[in-house]
Structure formats: structure tokens, C-alpha cells
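K.L.:
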Amino acid sequence: MRQHVQFLVIGAGAAGSAAAYALARRGQDVLLLEQFQIGHGRGSSFGPSRIFRLAYEEPDYAGLAQAALASWRALESESGQQLYWRTGGLDLGPAGTPSLEAVHASLSALDASPEHLSRRELARRYPQWQVPPDWEAVYSPEAGIVSPQITLRVLTDLARQHGAHVLESVAALEIQIGQQPAVLTSMGAVTCDHLIVAAGAWLPRLVPGLQPSLSVTLAASSFYRPDDLAAFEPERFPVFITHDEFQAYGFPAFGVPGVKIGVDVVRPVTSGDTRSFEVPPQVSEASDTFMRRYLPEASAVMERQTCLITRAPGGDFILAPHPDCPQITLASPCSGHGFKFTPLLGELLAAHALGEKHPWHLPRFALPPQTVRQTAEQQPLPGGL
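Residue numbers (the numbering used here): 413 to 797.
1. According to DSSP, is P738 helix, strand or coil?
2. Only counting the same chain, and skipping five residues up and downstream in sequence, which positions put a Cβ closer than 8 angstroms to that of E469?
3. Counting C-beta neighbours from all protein chains within 10 Å, is the total for A524 16 or more, i.e. buried, or is it exposed?
4. Taking C-alpha atoms, which residue in Q623, H655 and F649 lies nearest to R536?
5. Find out if the Cβ-Cβ distance for the pair I557, F652 is shorter than 8 angstroms.
6. Is it a yes or a no for the segment 690-701 touching the segment 670-680, going by three-plus beta-carbon pairs under 8 angstroms?
7. Is it true that the CB of S625 sits closer than 8 angstroms to the CB of A732?
8. Which same chain residues end up closer than 6 angstroms to Q447 when comparing Cβ atoms and leaving out the 5 residues on each side of it in sequence?
9. Would G425 be called buried (16 or more neighbouring beta carbons within 10 Å of its own) or exposed?
10. Can you tell me which residues form a DSSP beta bridge with Y661?
11. So, are the CB atoms of A632 and P560 less than 8 angstroms apart?
12. If you follow the alpha helix (DSSP H) that W484 is in, where does it begin and where does it stop?
13. For L567, which option in P780, V671, Q494 and R776 has the closest C-alpha, if you only look at C-alpha atoms?
14. Using only the alpha-carbon positions, how far apart do Y636 and L445 sit?
15. Less than 8 angstroms between the C-beta atoms of V602 and A610, yes or no?
16. By the three-class DSSP mapping on this structure, what secondary structure does P733 have?
17. Who are the Cβ neighbours of A366 in its own chain at under 7 angstroms, not counting the five residues just before and after it?
18. Would you list the one or two residues that DSSP bridges to H574?
19. Using C-beta distances below 8 angstroms, list every residue in its chain close to P735, excluding the 5 sequence neighbours before and after it, in chain order.
20. Using CA atoms only, rank isn't needed, just tell me which of L607, L760, S696 and T754 is closest to T563.
21. Measuring straight from C-alpha to C-alpha, what distance separates P792 and T654?
22. Can you check whether the C-beta of E647 is within less than 8 angstroms of a C-beta belonging to chain D?
23. Identify every run of the alpha helix (DSSP H) within the segment 675-709, keeping only runs that are complete inside it and at least 4 residues long; order them along the chain.
24. Mind checking who Y636 pairs with in its DSSP beta bridge?
25. Could you pull the start and end residues of the alpha helix (DSSP H) that L596 belongs to?
26. Between A642, P708, R414 and S461, which lies nearest to C719 when the distance is taken from Cα to Cα?
27. When the Cα atoms are used, what is the spatial distance from H574 to G670?
28. Give the range of the alpha helix (DSSP H) segment to which T783 is assigned.
29. So the candidates are I422, V417, D640 and Q418; which of them puts its Cα closest to the Cα of A743?
30. Which two residues bound the contiguous beta strand (DSSP E) that contains E548?
31. Taking Cβ positions, are A477 and R465 nearer each other than 8 angstroms?
32. Going by the C-beta, is L519 closer than 7 angstroms to any heavy atom of the ligand COA?
33. Give me the Cα-Cα distance between G451 and D569, rounded to the nearest whole angstrom.
34. Does DSSP put H416 in a helix, a strand or coil?
35. Cutting at 7 angstroms between CB atoms, please list the residues of its own chain near D640, excluding the five before and the five after it.
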């Protein structure tokens, strides 16, 4: 492994792969390190599907998603690979729920053509749903699916084609702050002109000052086999989010012959190194109850899986310089809703690393105030780096 590179990126999940691609595409010297394999199932960026939506309560993220859609289209154009599947999206819940109203207002502000659907209209268009009489829905036509397992392969393949070096099974063990950032890895030490740390659930370990700000939790998804698979295919069953006690989100049958859902009822705190792969019983029970109650024609359990969510305060992203070293960019653009922005996040990180301003680098992406500065004097890394 080379001892010095211009740009070093730690973590080949969504943000790291996109950043490496964006930098390499601009002719920069890039090394991307992944401690496991591309698309591994130990972190956050894997599996067949994530929701793409403009339907945010917060106008900042709604606008960011609209900008991200153009970035997805550009990435599809370069790769020749479909990466975004438009299904439409439903936000459902009791009529008058403030968050539902906020979603409709935000979509309207974007001229995104949202529709209010009464329970009767919902039943007519999507009879798969069996919801209470007082429920309604907001339909958003631009919602759809993006695929981590396809996207990461495309990003890393394109990064390589543009000259980036992508190394798998190389773990970053320690970050050294100095005149040039340096990283001790499982294959030796490497210095760089600029370091991007996009390590997901391992970010708090590599940057201890972020530990008070970041919470790593275990989330779970369940897959259910429908009685009639055709009724739950993407052309007939939109992605969805519910505004109720389950806080559920879900997908049509895409990549697997079943409906995928998650419920936000409990998320145990964990870490990248100590995480369990067991689905909490409360999550399984709530997920099964949700399906029996609202989608009874797709309630036969196929399988369950877990993933990690690294959440910053308020559910915001972190895309900011290290408080003690401007040559290090810290990236935690997830908080459970980051994948839909993947190609745009790469552009944001590349611009930040190159010292450029980007119109979508929002003030809310700054480091949280509780971030602890690193004040202890550092010792040189082995090998004189």
C-alpha cells in the first residue's frame, strides 16, 4: 500500500464510495479503504432497497432530495445502469396528523404534485391497505427505490475506472493529526493531503470527540411473502411511511419476492464492533402486528435482518471539518435517512475536501456543539509517518 496519497477516504459505504468517485472523476489521486468487503452487511449501506422520497417535513431535506434526484440521473447516465425506480410514495396516518400536513406543505412548496387521498380513495387505488376509517394519505409521485447493493458496486467500479485505488479488507485503526493527516491501518501507515472519514458506525471509535454526539443503534427489517405477489410489485404498490405508533416504512417486492418493512419502536444502542445480529423481539412483534393489521394479504414472515444507524442530534447529517485539523473532513450523513442522497453527498464531500463551496452544503451539517476537541499531544505513527 502506498505511503502517501492526495485524498484518503475511510469507509466504502454510501458516503465514502460516492466521495471517492466524485474526487476521482475530477482527476484527483484517491485511495478508498474498506475494512470488510464492498457491500458487506455489518453496517448501514447494504441490501436490495432504500426509499427515495421528497416527502420531508423539513424543507431543507426536501430540497436536498430534489437536488439529489438530478445527481442520481447523472450517475445513471454515466454508468448505463438504472439506479432509481420510481414507484410513487405514500405517507399514511390519522387525518390531521401534523407531520402529514407538514409533508404535504413541503411537497407543495417544491411543486412536487402531492395528492391528498381519503381513506376511500386509498382503498380504491391501493386495496392492499386496510386502514382505520379516520386515516388518510399523502401521495408523492417522485418517490421510489434506490438499491445499496447495486449503487455501491457502480460507485466503486466507476471510481476505479477514473483512477482511484479501492482496497478491501484494510481496516483503519487510528487517525493521527499533524501537518499531514495520517492513518494507521491493518496494512501499515499512510499519510494524505486530505482525509475524509466516512466510517459509519465506526466513526465514534476513530474520532473519539464525536462520541458525545453520535448514537449507534440497531435497526431491523422484516420481509413478508404476499398471497398475491403481483399485487405487491413496484408498479402496483408504492413505498410507504406511516405516521402512527409504529412509525413504519416499507417497500414493494423489489429484489426479493416479498414486502420489506421496518418499524421504529425500539433501537438498542450498540457499536460497530459490538453489535448483535439478533432482531429485538419487540421489533419482530410490532412488525408482525403491523402487517396483520394493515397489510393482511402479505403477513407470512420470510426473513429478518439487522443494520446499524448512526444518528446525529436532531437527525441531521455531519459534513464538517475536524475541529483540530481542517485537512480532515468528518462525514456522518446518515441518521437513518441518508442513502437517498448518496451521489449528491459525494459531490458535497468532494467540494469540501477541495476547498470549494457547494450550494447544498447546509449550515445544519456543522459539527454538533457537544463535539469534544482533541487536545492531547499526539505521538508519530509507526514508520515515521
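Glycine is no exception: its CB is placed at the ideal position from the N, C-alpha and C atoms.
P.N.:
The relevant details are as follows:
1. Looking up residue 738 in the sequence shown gives position 326. It is a strand residue.
2. On the sequence shown, position 57 is the one that residue 469 refers to. Non-local C-beta neighbours of E469 in its own chain, meaning closer than 8 angstroms and more than five positions away in sequence, comprise S511, A514, V515 and S518, ordered along the chain.
3. The residue you call residue 524 lines up with position 112 of the sequence shown. Taking all protein chains in view, the Cβ of A524 is crowded by 16 or more other Cβ atoms within 10 Å, so the residue is classified as buried.
4. As a first step, residue 536 is located in the sequence shown; it is residue number 124 there, counting from the start. Per the Cα distances, F649.
5. Residue mapping note: residue 557 aligns to position 145 of the sequence shown, counting from 1. Residue mapping note: residue 652 aligns to position 240 of the sequence shown, counting from 1. No.
6. Yes, they touch.
7. Here residue 732 is taken as the residue at index 320 of the sequence shown, counted from 1. Here residue 625 is taken as the residue at index 213 of the sequence shown, counted from 1. In this structure, S625 does not lie closer than 8 angstroms to A732 by Cβ.
8. Mapped onto the sequence shown, residue 447 falls at position 35. Hits under 6 angstroms: A583.
9. Numbered from its first residue, the sequence shown carries residue 425 at position 13. Looking at its Cβ environment, which holds 16 or more other Cβ atoms inside 10 Å, G425 is buried.
10. The sequence position of residue 661 within the sequence shown is 249, counting from 1. Paired residue(s): I653 and G674.
11. In the sequence shown, the residue the question calls residue 632 occupies position 220. In the sequence shown, the residue the question calls residue 560 occupies position 148. No, Cβ-Cβ distance for A632 and P560 is not below 8 angstroms.
12. For the purposes of this step, residue 484 is taken as residue 72 along the sequence shown, with counting starting at 1. Per DSSP, W484 belongs to the alpha helix (DSSP H) from P471 to S491.
13. Taking the sequence shown and counting its residues from 1, the one referred to as residue 567 is at position 155. Checked all of P780, V671, Q494 and R776; the closest Cα to L567 is Q494.
14. To locate residue 636, count along the sequence shown from 1; it is residue 224. To locate residue 445, count along the sequence shown from 1; it is residue 33. Cα to Cα, Y636 sits roughly 35 angstroms from L445.
15. Here the question's residue 602 lines up with position 190 in the sequence shown. Here the question's residue 610 lines up with position 198 in the sequence shown. No.
16. Taking the sequence shown and counting its residues from 1, the one referred to as residue 733 is at position 321. Three-state result, P733: strand.
17. With the chain covering 413 to 797 only, the question about residue 366 has no answer from this structure.
18. In the sequence shown, counting from the first residue as 1, residue 574 sits at position 162. As computed with DSSP, H574 is found in no beta bridge at all.
19. Here residue 735 is taken as the residue at index 323 of the sequence shown, counted from 1. Result list for P735: G621, L779, T783, R785 and Q786, in chain order.
20. As a working mapping, residue 563 is identified with position 151 in the sequence shown. The candidate whose alpha carbon is nearest that of T563 is T754.
21. Along the sequence shown, one-based indexing puts residue 792 at 380. Along the sequence shown, one-based indexing puts residue 654 at 242. Annotation note: pLDDT 42 at P792 (below 50); position unreliable, coordinate value reported separately. One C-alpha to the other measures close to 51 angstroms.
22. In the structure shown, chain D cannot be found, because there is only a single protein chain.
23. As far as the segment 675-709 is concerned, its whole alpha helix (DSSP H) runs of at least 4 residues are 693-706.
24. For this step, residue 636 is matched to residue 224 along the sequence shown. DSSP, once it has assigned bridges, lists V671 and V713 as partnering Y636.
25. Here residue 596 corresponds to residue number 184 of the sequence shown, with the count starting at 1. Premise fails: L596 lies in the beta strand (DSSP E), A594 to T597, not in any alpha helix (DSSP H).
26. Position 307 of the sequence shown holds residue 719. It is S461 whose Cα lies nearest to the Cα of C719.
27. Reading the sequence shown from its first residue, position 162 is the one you call residue 574. Reading the sequence shown from its first residue, position 258 is the one you call residue 670. Their backbone Cα atoms lie some 37 angstroms apart in a straight line.
28. By 1-based counting over the sequence shown, the position of residue 783 is 371. No alpha helix (DSSP H) contains T783, which DSSP labels as neither H nor E.
29. Here residue 743 corresponds to residue number 331 of the sequence shown, with the count starting at 1. Among I422, V417, D640 and Q418, the Cα nearest to that of A743 belongs to I422.
30. Locating residue 548 in the sequence shown gives position 136, counting from the first residue. The continuous beta strand (DSSP E) containing E548 extends over residues W547 to S552.
31. Position 65 of the sequence shown holds residue 477. Position 53 of the sequence shown holds residue 465. Contact flag set, yes.
32. Because no ligand of any kind appears in the structure shown, any question about the ligand COA cannot be addressed here.
33. Locating residue 451 in the sequence shown gives position 39, counting from the first residue. Locating residue 569 in the sequence shown gives position 157, counting from the first residue. For the pair G451 and D569, the Cα-to-Cα distance works out to about 12 angstroms.
34. For the purposes of this step, residue 416 is taken as residue 4 along the sequence shown, with counting starting at 1. Strand, per DSSP.
35. The sequence position of residue 640 within the sequence shown is 228, counting from 1. Cβ neighbours of D640 beyond the five flanking positions: E709.
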